[in-house]
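*Asks:* Pasting a structure below so you can have a look.
Number of protein chains: 2
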Amino acid sequence: MKKATVVGAGLVGSLWSVYLAKRGYNVDIFEARPDMRDASLSAGRSINLALSDRGWKALEKVGLGDQIREVAIPMYRRVMHAMDGSLTYQPYGKENQAIWSVSRGGLNRVLMDLAEREGNVKINFEHKCKSVDLEKGSATFTNRNTGEQVVSDNGLLFGTDGAFSAVRKAMQRTDRFNYEQEYIEHGYKELSIHPNEDGTHKLEKNALHIWPRGEFMLIALPNMDGSFTCTLFHPYGGEQGFDALDNDEKVRNFFKSTFPDAYELMPNLMEDWHENPTSSLVIIRCFPWSKNGKVALLGDASHAIVPFYGQGMNAGFEDCTIFEKFLAETNEDWDKAMKLYEEERKPNGDAIADLAMQNFVEMRDLTGDPKFLLRKKIEGKFSTLHPEKWLPLYSMVTFSHIPYAEANAEGKRQAAIMEQVMAMPNIEEKWDSNEVMELMNKLS
Amino acid sequence: MKKATVVGAGLVGSLWSVYLAKRGYNVDIFEARPDMRDASLSAGRSINLALSDRGWKALEKVGLGDQIREVAIPMYRRVMHAMDGSLTYQPYGKENQAIWSVSRGGLNRVLMDLAEREGNVKINFEHKCKSVDLEKGSATFTNRNTGEQVVSDNGLLFGTDGAFSAVRKAMQRTDRFNYEQEYIEHGYKELSIHPNEDGTHKLEKNALHIWPRGEFMLIALPNMDGSFTCTLFHPYGGEQGFDALDNDEKVRNFFKSTFPDAYELMPNLMEDWHENPTSSLVIIRCFPWSKNGKVALLGDASHAIVPFYGQGMNAGFEDCTIFEKFLAETNEDWDKAMKLYEEERKPNGDAIADLAMQNFVEMRDLTGDPKFLLRKKIEGKFSTLHPEKWLPLYSMVTFSHIPYAEANAEGKRQAAIMEQVMAMPNIEEKWDSNEVMELMNKLS
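What follows is the structure, given as structure tokens:
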């Protein structure tokens, strides 16, 4: 009987268990937290995620697309909120292309259900990983209720236990394991915009809202219940940083003067502010991602990134697609498949980590810049005329399956071309002229 | 009574304890290993280090220079050994400027003796750090012989426990602690050249010998007993890498064909090869280096680097000098002094980490390149003519107290200038002409 152990029943762990189950494995998942499907538990923070093509592909592959689509809201464009309340719009892709707002908790619950429905997946909740045997591909867990120790010795062990992975920590103690944890200057705090009394959304529903303010920004993603989950991304230090906003008046004044239209929609601001923690943002890079053909990392455990490209979950789900591809290609030779997987995915993990930081600058700063929006329009037009020559970087990352590292390289090439185009005299007036399109055609 | 705890009685821990003792602190040092001064213990590997000006300054400051000089050998130049056995020479600095070969173990023994001689320093050997309380500045140690737990609660705790610091590991678990461990492609193995029968050295004594071979290199540093300690720096992978050299014949053939003159001097090659481990090389970067004004890291615990600039120990000793300076300036306000120390030292730790990697390329590759040697000669001549305008990078790092980050920046400026100079037609013939010197004068 084929058996595997999965550490962590989060999004990637649950999905990967479905993949393993479909390959005939009996899967024992161990999860440190209690079962979030238990109604007596608070839902916790209502973190939203943006599901896009890479994520969908991994879900479709095991037939989960339709169920997930039922709990997801398509967002077709960015809506930028200026200081004066005026709005600008930027479509994410071509017509009908969208990124999908899903609640992390909601999606995780569905994925757990679907994993258990496979019949050969068992989730053991409230079991904390205590130690890992990298030679054997086994691990020991502590039952948090009884204190009992449980050994799961299946000879195959997957670390899908997130940015602070216990499995990775065991690998980190081996010689020549490269590891980096890099905290950025910004943290985040979740806030919310409640629904109208009739349950409708207070802002355009099928959009991602951004209040770009240079050094910081507020975003809002729609929920099924008519509310929006908002996130303030904000530096810890500085005159208006988290550390300086140390009383209610300062917080209110900051919101009133910086996000006036959002402030009007958030009578619950101070309640949220105090209830929700200020959380840090970390980038994790490491290598290798596997040991002895028996232990491998997927998702945040191997490549935690900042959330600004909406690709954290998508990249983790794509790990499953790629790993599965190599299992098929090698006839389930785990040693070979793990090596192929980590060699293929590592540069792509690094690339999306870099892209996510770049997109932070774009979101918080450039989306408020007319020149930047013009550049996007020119790219969009050219891409429509010559789709074979130009797929915008955002589309490559979000609406394609081009490896992230290739997308990143192509994005740099495009940026160099657009610098020349944007330097044309009077580009504002003639941006959609033949002259501009011809130059782009020549350069690209 | 002023009290402090120091974790690790290595080079930096022993020296820093002398600094603390001279400030009137009672110092409890805890060291995981047994006392290396115990004659019954093997001396272990005879690692050599190159002591240079930054290290000397820190030693002189507490009056330890003379004692150390007795066990150190000045090396005035690099001797490069070509494949055909021919030798080239490159002075390290001006006449009488040298880097000093010392045995790590020998120096450590002397520093421990000197620390204990202060009267208020006690070294507790075979006590392994079990946990650290960052709030209190205390730590718990396990006595390796009795299993007994000892708490050292002095309110001031220093982590001088090396690249795999237990104190740093405790800091690493706090939020927003940046950390990176990066293993390079190369590992190393220590070998030796025994003395002549009359106790003299088989190679020029007052020099550092290099066999530069592109992707790898062998070096040799003199010892007081007439022997040389050799180190092979070598990639793990590749056709001739460590992993491929898996039997005696391959090792012998590799040495015979790659380092023929050294091979002749090493009849003990295979014995050393099997006795000494192949060790990895790691770069550690982290921040912050202190917590709560009560805990601070010095030396490798905060900035482990590769050994190719001979600056690891020197940088650790310079940590002591700089920390001491800020203690004086703040009237021993530890909170302020720790902040000033980490802010000043962090960019310099990063700079010497980068410089050490650069120097690896220089040593293994460029020291065998006539163009590179010519460049060094031109720089040397210009520096002699205009010492106020040009101090070569190697001299800034080795024979000055210019902060490493400044030296690194100045080195980049110099490299850009030298690229232009080396591009002059027929530079080989006219390198010491007025024309060349005038161009350098103009550019710099």
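These protein sequence lines are chains A and B, in that order. Going by UniProt numbering, the first sequence runs without a break in its numbering and finishes at 444. Going by UniProt numbering, the second sequence runs without a break in its numbering and finishes at 444. Don't be surprised by glycine CBs; every beta carbon is placed ideally from N, CA and C. This one's a predicted model, so the numbers in the text were calculated from it and none came from an experiment.
Spell out a yes or no on whether the segment 182-199 of chain B and the segment 221-239 of chain B are touching, meaning 3 or more CB-CB pairs, one atom from each, closer than 8 Å.
*Replies:* yes
*Asks:* Does the segment 290-297 of chain A come into contact with the segment 133-143 of chain A, if we say contact requires no fewer than three beta-carbon pairs (one atom in each stretch) closer than 8 Å?
*Replies:* Verdict: yes, contact present.
*Asks:* Do you know offhand how far Cys320(B)'s Cα is from Arg109(B)'s?
*Replies:* Along the second sequence, read from residue 1 onward, the residue named residue 320(B) stands at position 320. Along the second sequence, read from residue 1 onward, the residue named residue 109(B) stands at position 109. Taking the straight line from one Cα to the other gives about 18 Å.
*Asks:* Are there three or more Cβ pairs, one per stretch, closer than 8 Å when the segment 413-422 of chain A is compared with the segment 434-444 of chain A?
*Replies:* yes
*Asks:* When the Cα of Lys389(B) is compared with those of Pro74(B), Arg54(B), Met437(B) and Gly105(B), which residue comes out closest?
*Replies:* As a first step, residue 389(B) must be located in the second sequence, where it is residue number 389. Closest option to Lys389(B), Cα to Cα, is Met437(B).
*Asks:* In three-state terms, what does DSSP make of Leu269(B)?
*Replies:* Here residue 269(B) corresponds to residue number 269 of the second sequence, with the count starting at 1. In this structure, Leu269(B) counts as helix in the three-state DSSP scheme.
*Asks:* Residues of the segment 172-202 of chain B with a CB closer than 7 Å to any CB of chain A: list them in chain order, please.
*Replies:* Asp175, Arg176, Asn178, Tyr179, Glu180, Gln181, Glu182 and Tyr183
*Asks:* Any heavy atom of the ligand HEM inside 7 Å of the beta-carbon of Thr229(B)?
*Replies:* Here there are no bound small molecules, and the ligand HEM is not part of this structure.
*Asks:* So Ile73(A) packs on Leu107(A), CB below 8 Å; how close in whole Å?
*Replies:* Looking up residue 73(A) in the first sequence gives position 73. Looking up residue 107(A) in the first sequence gives position 107. About 12 Å separates the two Cβ atoms, so there is no contact after all.
*Asks:* Taking a Cβ distance cut-off of 7 Å, strictly less, list which residues of the segment 280-303 of chain B are near chain A, in chain order.
*Replies:* Ser280
*Asks:* Which of the three DSSP states, helix, strand or coil, is assigned to Thr367(B)?
*Replies:* Position 367 of the second sequence, counted from the first residue, corresponds to residue 367(B). Three-state DSSP puts Thr367(B) in a helix.
*Asks:* Is it right to say Gly214(A) is buried, meaning 16 or more other beta carbons lie within 10 angstroms of its own, or is it exposed?
*Replies:* On the first sequence, residue 214(A) is found 214 positions in, with the first residue counted as 1. Label assigned to Gly214(A): exposed.
*Asks:* Is Cys286(B) near Arg168(B), with beta carbons less than 8 Å apart?
*Replies:* Along the second sequence, one-based indexing puts residue 286(B) at 286. Along the second sequence, one-based indexing puts residue 168(B) at 168. Cβ distance < 8 Å, so Cys286(B) and Arg168(B) count as in contact.
*Asks:* Could you spell out the range, first to last residue, of the alpha helix (DSSP H) harbouring residue 445(B)?
*Replies:* Residue numbering for chain B in the displayed model covers 1 to 444; residue 445(B) lies beyond these limits and cannot be assessed.
*Asks:* Taking Cβ to Cβ, would you say Leu20(A) is nearer than 8 Å to Val12(A)?
*Replies:* Numbered from its first residue, the first sequence carries residue 20(A) at position 20. Numbered from its first residue, the first sequence carries residue 12(A) at position 12. No, Cβ-Cβ distance for Leu20(A) and Val12(A) is not below 8 Å.
*Asks:* Would you mind reading off the limits of the alpha helix (DSSP H) that contains Phe399(B)?
*Replies:* Here residue 399(B) refers to the residue found at position 399 when the second sequence is read from its first residue. For Phe399(B), the uninterrupted alpha helix (DSSP H) segment begins and ends at Leu393 to Phe399.
*Asks:* Would Leu20(B) count as contacting chain C if we go by Cβ distances under 8 Å?
*Replies:* Absence of chain C from the displayed structure is noted, the protein chains being A and B.
*Asks:* If I follow the unbroken beta strand (DSSP E) through Met217(A), where does it start and stop?
*Replies:* Taking the first sequence and counting its residues from 1, the one referred to as residue 217(A) is at position 217. Run containing Met217(A): Met217 to Pro222, per the beta strand (DSSP E) assignment.
*Asks:* Taking Asn359(A) and Tyr309(A) to be in contact with their CB atoms under 8 Å, please state how far apart those CB atoms are, rounded to whole angstroms.
*Replies:* For this step, residue 359(A) is matched to residue 359 along the first sequence. For this step, residue 309(A) is matched to residue 309 along the first sequence. Contact flag correct, Cβ pair sits at about 4 Å.
*Asks:* Under 8 Å between the Cβ atoms of Phe317(B) and Leu64(B)?
*Replies:* Counted from its first residue, the second sequence places residue 317(B) at position 317. Counted from its first residue, the second sequence places residue 64(B) at position 64. Contact flag unset, no.
*Asks:* Could you check the C-alpha separation between Leu393(B) and Asn408(B) for me, to the nearest Å?
*Replies:* For the purposes of this step, residue 393(B) is identified with residue 393 of the second sequence, where counting begins at 1. For the purposes of this step, residue 408(B) is identified with residue 408 of the second sequence, where counting begins at 1. Looking at the two C-alpha atoms, the distance is approximately 7 Å.
*Asks:* Measuring CA to CA, which of Asp365(B), Phe141(B) and Val18(B) is closest to Asp133(B)?
*Replies:* For the purposes of this step, residue 133(B) is taken as residue 133 along the second sequence, with counting starting at 1. Among Asp365(B), Phe141(B) and Val18(B), the Cα nearest to that of Asp133(B) is on Phe141(B).
*Asks:* If I follow the unbroken beta strand (DSSP E) through Asn143(A), where does it start and stop?
*Replies:* The sequence position of residue 143(A) within the first sequence is 143, counting from 1. Its beta strand (DSSP E) spans residues Ser138 to Asn143.
*Asks:* Helix, strand or coil for Gln240(B) per DSSP?
*Replies:* For the purposes of this step, residue 240(B) is taken as residue 240 along the second sequence, with counting starting at 1. Looking at Gln240(B) - three-state DSSP - the assignment turns out to be coil, as it is neither helix nor strand.
*Asks:* Within a Cβ cutoff of 8 Å, which residues of the same chain sit near Ile417(A), ignoring the five residues on either side of it in sequence?
*Replies:* Sequence index remark: in the first sequence, residue 417(A) carries index 417 (1-based). Closer than 8 Å at the Cβ level, and outside the excluded window around Ile417(A), lie Met440, Leu443 and Ser444.
*Asks:* Bridge partners of Asn48(A), per DSSP?
*Replies:* The residue labelled residue 48(A) in the question sits at position 48 within the first sequence. Looking at the DSSP assignment, Asn48(A) forms a beta bridge with Ser103(A).
*Asks:* Which residues in the same chain have their Cβ closer than 7 Å to the Cβ of Glu419(B), if we skip the five residues on either side of it in sequence?
*Replies:* Reading the second sequence from its first residue, position 419 is the one you call residue 419(B). Within the same chain, Glu419(B) has no close Cβ partners at all.
*Asks:* Are there 16 or more other CB atoms within 10 angstroms of the CB of Lys376(A), so buried, or fewer, so exposed?
*Replies:* Indexing the first sequence from 1 puts residue 376(A) at position 376. So Lys376(A) counts as buried.
*Asks:* Under a three-way DSSP split, which group does His386(A) fall into?
*Replies:* Here residue 386(A) refers to the residue found at position 386 when the first sequence is read from its first residue. Under the three-state reduction of DSSP output, His386(A) falls in the coil class, being neither helix nor strand.
*Asks:* Relative to the alpha-carbon of Asp369(B), which residue among Thr258(B), Gln90(B), Lys430(B) and Arg173(B) has its alpha-carbon at the smallest distance?
*Replies:* For the purposes of this step, residue 369(B) is taken as residue 369 along the second sequence, with counting starting at 1. Distances from the alpha-carbon of Asp369(B) to those of Thr258(B), Gln90(B), Lys430(B) and Arg173(B) put Gln90(B) closest.
*Asks:* Where does Pro212(B) fall in DSSP's three states?
*Replies:* Indexing the second sequence from 1 puts residue 212(B) at position 212. Pro212(B): strand per DSSP, three-state reduction.
*Asks:* Going straight from the alpha carbon of Lys22(A) to that of Gly162(A), what length do you get?
*Replies:* Working through the first sequence from its first residue, we reach residue 22(A) at position 22. Working through the first sequence from its first residue, we reach residue 162(A) at position 162. Each residue's alpha carbon lies about 23 Å from the other.
*Asks:* Which partner residues does residue 532(B) have in the DSSP bridge list?
*Replies:* Lying outside 1 to 444, the shown extent of chain B, residue 532(B) is not represented and no answer is given.
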